[in-house]
Amino acid sequence: MTQAIDKEQMIIDEFKKLSPEKQQEVLNFIEFLHFKAQKQETFEDREKGKQVSFLEAAKEYIGCVDGGTGDLATNKKHLEGYGK
2 MTQAIDKEQM IIDEFKKLSP EKQQEVLNFI EFLHFKAQKQ ETFEDREKGK
52 QVSFLEAAKE YIGCVDGGTG DLATNKKHLE GYGK
């Protein structure tokens with residue numbers, strides 16, 4: 002446990018020495034590592050035959066498109082006559 006604490010302290014000390022821009026890069030890299038680990042878990046689940054939801058399978062694509070059409074269900078004109 003002491004090794005983990007020492008390593009953690011080393012990382013914190015080195016992180017503090019970086020410029021704010023470089024600190025942001027480190028945070029981005031950590032987020033990437035978490036994303037990569039989640040993606041690997043999903044892949045392993047599929048390999049084992051475990052069913053995953055569409056949300057889990059499409060996690061990597063959530064939020065990747067900016068703009069586009071809004072939710073058509075909120076446009077009353079679009080829904081006029083629907084289901085008749």
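Residue numbers (my numbering): 2 to 85.
We put the beta carbon where it would ideally sit given N, CA and C, even for glycine.
| Item | Value |
| --- | --- |
| Among the candidates E61, K77, D72, whose CA atom is the shortest distance from the CA of F33? | E61 |
| Distance check for N76 and I31, CA to CA, integer angstroms please. | 40 Å |
| Could you check the C-alpha separation between I12 and E22 for me, to the nearest Å? | 17 Å |
| Taking the CB atoms as reference points, tell me whether F36 and V27 lie closer together than 9 Å. | no |
| How big is the Cα-Cα spacing for K18 and C65? | 32 Å |
| State the Cα-Cα distance for the pair H79 and D72, rounded to the nearest angstrom. | 10 Å |
| Could you please give the first and the last residue of the uninterrupted alpha helix (DSSP H) stretch that includes E61? | Here E61 belongs to no alpha helix (DSSP H), and DSSP marks it neither H nor E. |
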